[in-house]
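Q: The structure's right below; bear with me while I get my questions together.
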Amino acid sequence: MASENLLEIKALQTYFHTEAGKVSAVDGVSLAVGAGEIVGIVGESGCGKSVTAQSILRLLDEKSQASYSGEVYFEGVDLLKLSQRQMRGVRGNDISMIFQDPLSSLNPLLTIGEQITETIRSHRKFSRKNAWQEAVRLLRLTGIPAPERRVHEYPHQLSGGMRQRVMIAIALACEPKLLIADEPTTALDVTIQAQIMDLIAKLNRELGMSVLLITHDLGVVAEVCHRVAVMYAGQIVETADVATLFREPQHPYTIGLLQSIPSLDRDRTKPLQAVEGFVPALHQLPKGCRFAPRCPHADALCRTEMPLLESKGSSGSQARCWHSEALSQKEAVRHA
Amino acid sequence: MTDSTVQEGKQQARRTSLIHSQPVRRFMANRTAVIGGVLMLLLIAASLLSPWLARFEPQAVDVVSRLKPPSVKHWFGTDNLGRDVFSRTLNGTKISIQVGLTVALVSSAAGLVIGLYSAYYRRLDQVLMRIMDGIFAFPAVLLAMAMMAALGPNVSNLMICLSIVFTPAVARIVRSSALVVKEQTYIEAMRALGASRTRILWLHIMPGTLSPLIVQGSFVFAESIIVEAALSFLGAGIPAPMPSLGNLLSEGKQFIYNSWWMTLYPGFALILSVLAMNWFGDGLRDMLDPHARTKRKRSRKGSMNKNTSDNNNEKVSSATQASS
Amino acid sequence: MVIYILRRLLALVPVVLIMSIVVFLIIYLIPGDPARVMLGDGADESTIQELRQQMGLNYPLLEQYGRWIGNAVQGDLGRSFFLQQPVSTAIREHLAPTLSLALFAQFIAVLIAIPLGVRAAVNRGGLADKTLNAYSLLGISVPGFLLSLFFVLVFAVRLKWFPVSGYAPLHEGLGSFLKFMFLPALSIGIVMSSLTARIVKASMLEVLHEGFVKTALSKGLRQNTIIYKHVLRNALIPILTVVGGSFGTLVAGAAVIETIFNIPGLGQMLVHAVERRDYAVIQGMVLFIAIVYVAVNLAVDLLYAVVDPRIRLQ
Numbered sequence: 000m001a002s003e004n005l006l007e008i009k010a011l012q013t014y015f016h017t018e019a020g021k022v023s024a025v026d027g028v029s030l031a032v033g034a035g036e037i038v039g040i041v042g043e044s045g046c047g048k049s050v051t052a053q054s055i056l057r058l059l060d061e062k063s064q065a066s067y068s069g070e071v072y073f074e075g076v077d078l079l080k081l082s083q084r085q086m087r088g089v090r091g092n093d094i095s096m097i098f099q100d101p102l103s104s105l106n107p108l109l110t111i112g113e114q115i116t117e118t119i120r121s122h123r124k125f126s127r128k129n130a131w132q133e134a135v136r137l138l139r140l141t142g143i144p145a146p147e148r149r150v151h152e153y154p155h156q157l158s159g160g161m162r163q164r165v166m167i168a169i170a171l172a173c174e175p176k177l178l179i180a181d182e183p184t185t186a187l188d189v190t191i192q193a194q195i196m197d198l199i200a201k202l203n204r205e206l207g208m209s210v211l212l213i214t215h216d217l218g219v220v221a222e223v224c225h226r227v228a229v230m231y232a233g234q235i236v237e238t239a240d241v242a243t244l245f246r247e248p249q250h251p252y253t254i255g256l257l258q259s260i261p262s263l264d265r266d267r268t269k270p271l272q273a274v275e276g277f278v279p280a281l282h283q284l285p286k287g288c289r290f291a292p293r294c295p296h297a298d299a300l301c302r303t304e305m306p307l308l309e310s311k312g313s314s315g316s317q318a319r320c321w322h323s324e325a326l327s328q329k330e331a332v333r334h335a
Numbered sequence: 000m001t002d003s004t005v006q007e008g009k010q011q012a013r014r015t016s017l018i019h020s021q022p023v024r025r026f027m028a029n030r031t032a033v034i035g036g037v038l039m040l041l042l043i044a045a046s047l048l049s050p051w052l053a054r055f056e057p058q059a060v061d062v063v064s065r066l067k068p069p070s071v072k073h074w075f076g077t078d079n080l081g082r083d084v085f086s087r088t089l090n091g092t093k094i095s096i097q098v099g100l101t102v103a104l105v106s107s108a109a110g111l112v113i114g115l116y117s118a119y120y121r122r123l124d125q126v127l128m129r130i131m132d133g134i135f136a137f138p139a140v141l142l143a144m145a146m147m148a149a150l151g152p153n154v155s156n157l158m159i160c161l162s163i164v165f166t167p168a169v170a171r172i173v174r175s176s177a178l179v180v181k182e183q184t185y186i187e188a189m190r191a192l193g194a195s196r197t198r199i200l201w202l203h204i205m206p207g208t209l210s211p212l213i214v215q216g217s218f219v220f221a222e223s224i225i226v227e228a229a230l231s232f233l234g235a236g237i238p239a240p241m242p243s244l245g246n247l248l249s250e251g252k253q254f255i256y257n258s259w260w261m262t263l264y265p266g267f268a269l270i271l272s273v274l275a276m277n278w279f280g281d282g283l284r285d286m287l288d289p290h291a292r293t294k295r296k297r298s299r300k301g302s303m304n305k306n307t308s309d310n311n312n313e314k315v316s317s318a319t320q321a322s323s
Numbered sequence: 000m001v002i003y004i005l006r007r008l009l010a011l012v013p014v015v016l017i018m019s020i021v022v023f024l025i026i027y028l029i030p031g032d033p034a035r036v037m038l039g040d041g042a043d044e045s046t047i048q049e050l051r052q053q054m055g056l057n058y059p060l061l062e063q064y065g066r067w068i069g070n071a072v073q074g075d076l077g078r079s080f081f082l083q084q085p086v087s088t089a090i091r092e093h094l095a096p097t098l099s100l101a102l103f104a105q106f107i108a109v110l111i112a113i114p115l116g117v118r119a120a121v122n123r124g125g126l127a128d129k130t131l132n133a134y135s136l137l138g139i140s141v142p143g144f145l146l147s148l149f150f151v152l153v154f155a156v157r158l159k160w161f162p163v164s165g166y167a168p169l170h171e172g173l174g175s176f177l178k179f180m181f182l183p184a185l186s187i188g189i190v191m192s193s194l195t196a197r198i199v200k201a202s203m204l205e206v207l208h209e210g211f212v213k214t215a216l217s218k219g220l221r222q223n224t225i226i227y228k229h230v231l232r233n234a235l236i237p238i239l240t241v242v243g244g245s246f247g248t249l250v251a252g253a254a255v256i257e258t259i260f261n262i263p264g265l266g267q268m269l270v271h272a273v274e275r276r277d278y279a280v281i282q283g284m285v286l287f288i289a290i291v292y293v294a295v296n297l298a299v300d301l302l303y304a305v306v307d308p309r310i311r312l313q
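Chains as they are written, first to last, in numbering that gives the first Met the number 0: chain H, 0 to 335; chain D, 0 to 323; chain R, 0 to 313.
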């Protein structure tokens, strides 16, 4: 099974070295992305989903800030064991990444073309001219009108949606097998958001490129993802395929997230529920289940013992909760 | 609402003032600042005690023992007229500190007034700050030299010139921090309560500008020691027979081939004085600067991005423009 | 772009105006009659009157300023009574040594400051960072003229690697130019570089957290490509501002250093003018430096546009 997966993260720990001591922003995350699959990671801001994404490409400053343990296999090679030079050959080549804010993610002083071609030319032996032609092709692929003209423009001359398309074009430059999209639509207008997600889904279908999608938006997950992992306070609290997650959520946190999505067919007499409270700070995590302080069902066991991520129900989903069986039955009753 | 706002605001202003004990503790914890302060005190003590420390009058000529290298008798050697370099160096340090202190005080006072009123009265701001900018644009040594040429070289003229040259740097700092204080709610509240402008300006806005003023003042102190030395060295500062550090270096230059001690020791005295003030100022800033404080707070929280906050730590003091 | 340049020019007008007024007023700091002071006690009345006439002291103050600034705009900075030549000519004759010294010093400063500041920013708390901290304290605390005295003591007097003083113009050969200019330029350059290196570091740190740095990393670019092509380029604007803004100080610093190395530049001319109380030369020189300040500021503004397309294309 393991060999079929393009990316396989095993018990990943990402530590930050702060003055308050060493804290783990990612705490034992295991996750797999198969070839051609779109996997989502959902959670509130500060839950460690972005750090997980950046840990895969080892983008955090390992000299002073961060260190990793665990294993991140990509095509059977543990990325965490690679040298910085070997890692450079993976970044932008086998695995690409796009970020939340396309304006700040693009260098304001370089033309779009330069920013695309430098990726191509750092991994492929392309002449300058061929690289520019390739850049135009990539821009056209991402649906940018008049790409011949756009390659010579600067980021500030483009709209937000266009900039994210440019980011995607850069990411596609070396035909990566995996695209990590870290909240790719958060900074964009709603209409543009849909276009960008459609583009990502299309590229996944047509190029067979796997996607790891980081988002806080379960709606986006429902639309494009095949499988999803819910993260809370540095841990995965639930993972399932999308249909199962929406049909039979196991973890109270997932249930809370689902209840906070507005939808057209919901009962409008009931108020929309938000998950109360905040994500705990990394250096003052609760002893037992990390969600216990915010959980409406928490009891003494939850507050002292941390539950493990275990298979629940019949559809192969896993959750990190002592009471998920009881809860999901209750949930099922309520839906019926 | 207004009363409690005013009260709170006052406390806020007091918190930024010097007497608060936590800054003092932080200052003591700051090693370089303490070293700088102690060094400065030592230099001041040594220069005040020079009649007792040095066995020779700084001006006493002894033609027989001229250009003698350092010895037990003459610790720093003697110059071309047989004068004791140690005694002259101590004296020069004294003059430098006198000039530095006076200039720091005068330009701080002038800068405070100009900065405060510019911050408060917009129309005045246009005139005063344009003038300050104009003066600030000149290299300090050059402007001071031109003014000295007109006024004639003596110590009090030098102090006047340097004070004029360094006032804009202080005024700019005071003005910008006064503008920040002025925008705070409790000042609005004071105004609504009908407090007089003078009262608001001096009782409520002024305390908020004191910390940066003191820090800037200490840098002006250091800077004016340098400019004084440069001017005297060029013969446009303190007139020749007087043993200022610049004059000593100028004499030393003439005999640099054979009598290194005439250059080296006054040079070190100059560096020590300036270094002491800069260390002291650095320490003061770390202790009083609100940026340095937020930095501390942030790092205590255990922020992941350690480098975000450190930029303010870079000393880009505007008084450093005169690196002659 | 044209509007940008015009706006920058316009912003400099009040500063220049104030600077010129300050320069003009310097002569009124003289206690008593400037002409009499210049000529000394023994001068006869007719010479004094002649000088007064030449200096335009007999006109009302405002008219004097008007005449003076009017002439200055046309490049006429007055006539030196002692040199018996126009001040502008004297400045032109002494300009080359000072300017070449200043540029050489700036070159050395940038050569030290950029790598040091960049390394200090990239590797916080590392060797370069610690060096920079000590180095910048040295830079603020040791004035350039003192540093050059020490250099003379060690490298010229003791080790005899360089001549103690003197000057050879660049057109007589790079070798001899460097031989004479290295120590003076190094002393100014070191002092200058400590300020610049701090700015480089601060400015680099600011840019290092920008999103595009992470993008560049995720693209698999080399570290040096990221640092120099992406980060340094974006950090350049504050650096340019400081480098440009310090050029006037640099020229003034060069003037002080010149007297130590006996370089026949503006500084030496100024010191002689101060000794002789040659106010026309003093005023002209100071005004000239003010003009240099403005010109360099404008040049820096134009460089912004070269560096940053957001300014260029607005």
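C-beta atoms are modelled at their ideal positions from N, C-alpha and C, and glycine is treated no differently.
1) Excluding the 5 residues preceding and the 5 following residue 0(R) in the sequence, name in chain order all residues of the same chain whose CB lies nearer than 6 angstroms to its CB.
2) Determine the direct distance from the alpha carbon of residue 246(H) to that of residue 326(H), and round the result to whole angstroms.
3) What is the DSSP secondary structure of residue 16(H), counted as helix, strand or coil?
4) Given a cut-off of 8 angstroms on the beta-carbon distance, is the pair residue 91(D) and residue 238(D) in contact?
5) Check whether chain D comes within 8 angstroms of residue 258(R), counting only Cβ atoms and requiring the distance to be less than that.
6) Using 8 angstroms as the threshold, is the stretch 219 to 234 of chain H in touch with the stretch 38 to 45 of chain H, meaning 3 or more CB pairs across them?
7) Just to confirm, are residue 286(R) and residue 71(R) a CB contact at a threshold of 8 angstroms?
8) For chain R, check one thing: does any of its Cβ atoms lie closer than 8 angstroms to the Cβ of residue 228(D)?
9) What does the Cβ neighbour count give for residue 190(H), buried or exposed, with the cut at 16 atoms within 10 Å?
10) Hey, how far is the Cα of residue 205(D) from the Cα of residue 107(D)?
11) Report the residues of the stretch 188 to 216 of chain R with a CB closer than 8 angstroms to any CB of chain H, ordered along the chain.
12) Strictly under 8 angstroms for the Cβ-Cβ distance: is residue 273(D) near chain R by that measure?
13) Buried or exposed for residue 131(H), please, with buried defined as at least 16 other CB atoms from any protein chain shown within 10 angstroms of its CB.
14) To which residues of the same chain is residue 300(D) closer than 7 angstroms at the C-beta, ignoring the five residues directly before and after it?
15) Leaving out the 5 sequence neighbours to the left and right, which residues in its chain are closer than 6 angstroms to residue 178(H) when beta-carbon positions are compared?
16) Let me check understanding here. Comparing Cα to Cα, which of 68(H), 250(H), 97(H), 157(H) lies closest to residue 185(H)?
17) Assuming residue 57(D) and residue 82(D) form a contact by the criterion Cβ under 8 angstroms, report the distance between their Cβ atoms to the nearest whole angstrom.
18) Any idea if residue 5(R) is buried or exposed, counting beta-carbon neighbours within 10 angstroms, 16 or more meaning buried?
19) Please list the segments of the beta strand (DSSP E) lying wholly inside the stretch 102 to 165 of chain H, counting only runs of 3 or more residues, in order along the chain.
20) In the DSSP assignment, what residue or residues form a beta bridge with residue 179(H)?
21) Looking at the structure shown, is residue 237(H) part of a helix, part of a strand, or coil, going by DSSP?
22) Quick one: does residue 90(R) have its CB under 8 angstroms from some CB of chain D?
23) When you compare only the Cα positions, how much space is there between residue 316(R) and residue 186(R)?
24) In terms of alpha-carbon separation, which member of 96(D), 150(D), 39(D) lies closest to residue 33(R)?
25) Do we get a CB-CB distance below 8 angstroms when we pair residue 144(D) with the residues of chain R?
26) Can you find the residues in the same chain that come closer than 6 angstroms, C-beta to C-beta, to residue 221(D), ignoring five residues on each side of it along the sequence?
27) So, does the CB of residue 182(R) fall closer than 8 angstroms to a CB anywhere in chain A?
28) For the beta strand (DSSP E) containing residue 144(D), name the first residue and the last one.
29) Would you kindly work out how many angstroms separate the C-alpha atoms of residue 143(H) and residue 211(R), rounded to a whole number?
30) Is it true that the stretch 271 to 284 of chain H meets the stretch 15 to 26 of chain H, where meeting means three or more beta-carbon pairs spaced less than 8 angstroms apart?
31) Check whether the stretch 118 to 134 of chain D and the stretch 165 to 179 of chain D are in contact - that is, three or more C-beta pairs closer than 8 angstroms.
32) Since residue 62(H) meets chain R, which of its residues come closer than 8 angstroms, beta carbon to beta carbon?
33) How would you call residue 226(R), buried or exposed, if buried means at least 16 neighbouring beta carbons within 10 angstroms?
34) At the level of alpha carbons, what is the spacing between residue 93(R) and residue 250(D)?
35) Note down, in chain order, all residues in the stretch 276 to 303 of chain R with a beta-carbon under 8 angstroms from any beta-carbon belonging to chain H.
36) I want to verify the contact list: residues of chain R whose CB lies under 8 angstroms from the CB of residue 247(D), in sequence order.
A: Quick look at the numbers:
1) none
2) 13 angstroms
3) strand
4) no
5) yes
6) yes
7) yes
8) yes
9) exposed
10) 13 angstroms
11) 209, 210, 211, 213, 214, 215, 216
12) yes
13) buried
14) Model confidence at residue 300(D) stands at a pLDDT of 32, short of 50, so the residue's coordinates are unreliable; what they give is reported in the following sentence. Excluding residues within five positions, none has a Cβ falling inside 7 angstroms.
15) 95, 170, 208, 210
16) 97(H)
17) 7 angstroms
18) exposed
19) none
20) 96(H), 211(H)
21) strand
22) no
23) No information on residue 316(R) is available, as it lies outside the stretch 0 to 313 that chain R covers here.
24) 150(D)
25) yes
26) 273, 276, 277
27) Of the protein chains in the structure, H, D and R, none is chain A.
28) Element bounds for residue 144(D): not the beta strand (DSSP E) but the alpha helix (DSSP H), 139 to 150.
29) 21 angstroms
30) yes
31) yes
32) 122
33) buried
34) 26 angstroms
35) none
36) Chain R residues near residue 247(D): none, gap ~11 angstroms exceeds 8 angstroms.
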